[in-house]
Amino acid sequence: MPTLSVVIPALNEAENMPAVLESIPLAALREAGWETDVIVVDNASTDDTAAVAGSLGARVVVQPDRGYGNAYHAGFDAARGEVIATGDADCTYPFDRLPELLGTLVERDIEFMTTDRLHRDNRSAMKASHTLANHALSALSRALFRNGLRDSQSGMWIFRRHVWHGIDVRSTGMSFSQEIKNSATRAGYRFLEVPIEYRRRQGEVKLRALPDGMGNLRQLFAHRFRRPAPRLRPVVPLPRQRTVAEGAGECGNGRAEAV
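For the sequence shown, position 151 (counting from the first letter as 1) is numbered 139 according to the working numbering, and the numbering increases by one without interruption.
1. Would you identify the three-state DSSP class for MET162, choosing helix, strand or coil?
2. Can you tell me whether PHE100 is buried or exposed? The criterion is at least 16 other CB atoms within 10 Å of its CB, across all chains shown.
3. VAL29 and VAL(-5) look like a contact to me (Cβ under 8 Å); what is the Cβ gap, rounded to whole Å?
4. Let's see if you can read the secondary structure: which residues bound the beta strand (DSSP E) around PRO87?
5. Quick check on the burial criterion: 16 or more other C-beta atoms within 10 angstroms. Buried or exposed for ALA172?
6. Cutting at 7 Å between CB atoms, please list the residues of its own chain near PRO87, excluding the five before and the five after it.
7. Only counting the same chain, and skipping five residues up and downstream in sequence, which positions put a Cβ closer than 8 Å to that of GLN207?
8. Do ALA8 and THR102 have their C-beta atoms closer together than 9 Å?
9. Could you pull out every unbroken beta strand (DSSP E) segment of at least 3 residues lying fully inside the stretch 118 to 159, listed in chain order?
10. If you follow the alpha helix (DSSP H) that GLU19 is in, where does it begin and where does it stop?
11. What's the C-alpha gap between ARG178 and ALA2?
12. Taking a contact to mean a Cβ-Cβ separation below 9 Å, would you say GLY63 touches ILE27 in this structure?
13. Can you tell me which of the three DSSP states SER33 falls into?
14. One question on the structure: do LEU106 and ASP139 come within less than 9 Å of each other, judged by their Cβ atoms?
15. Should TRP145 and THR74 be called a contact, given that it needs their Cβ atoms to be closer than 9 Å?
16. Keeping to the same chain, check which residues put their C-beta closer than 7 Å to that of ASN0; ignore five residues upstream and five downstream.
17. Along the chain, where does the alpha helix (DSSP H) containing GLU10 start, and where does it finish?
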């Protein structure tokens, strides 16, 4: 049975931990053929985030250097699963959809899946100013990286672990989110963006709108024009599933479906 590692960065999210961890559908994932390894990265919290997460069965990784990207670097290094899924500890991302999203990843032979929050159904979940800033950053990201992604800032991704070892992601803060997407698509991995429900944030807001926005802006240009670093580890992808068209020589009348 393959393993899914669910990596959740957390800074002072003790209050949200029960709801977030209970929303991960462990039974449904096991029924779908997945063992689940839940990792909460305690990013120098001053509350009981680590204790609460551990008491609820999560594996706690401590990252004393604060920063969204720092938390993910630590969490991904600790992940054991062949596939990694992410989401925030503020109740905004739909972990309950993981079985469905994993089914799409496998059936469509995707290596990196990201999610789109910026559609009409989610209007009430995000402040108007944040929505505008997300659209602006996403438009610039599309123009620079030509990958067509509608939401460069979404924090929910599902990807095969070999992708992480084959990309050069340097951000330690909020720009990690856009950098991992642009790195994966630029490296040529098979990718897909899917719409998701985005929910109202619970608890204290950690986003610093102006500093984080300006940091993301600078990182987009720095990333676009830098030379990629040599890969430190070999990229060993899982065996690729053949499309119907690739099997046509054996079976006769194959047609490929677009991803």
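We treat Cβ as the ideally placed atom computed from N, Cα and C, and that holds for glycine.
Reading from the atomic positions:
1. In the displayed model, MET162 falls within coil according to three-state DSSP, outside both helix and strand.
2. buried
3. 7 Å
4. Unbroken run through PRO87 is the alpha helix (DSSP H), 86 to 95; no beta strand (DSSP E).
5. Label assigned to ALA172: buried.
6. PRO13, ALA16, LEU17, ALA20
7. Around GLN207: SER159, SER163, GLN166, GLU167.
8. With the sequence shown as reference, residue 8 is identified as Val, and Ala is not the correct amino acid for it. Contact: no.
9. List check, beta strand (DSSP E) in window: 145 to 148.
10. Residues 14 to 19.
11. 36 Å
12. Yes.
13. coil
14. Yes, the Cβ-Cβ distance between LEU106 and ASP139 is below 9 Å.
15. A contact, by the Cβ cut-off of 9 Å.
16. SER33, THR34, ASP35, THR37, GLU192
17. 5 to 10
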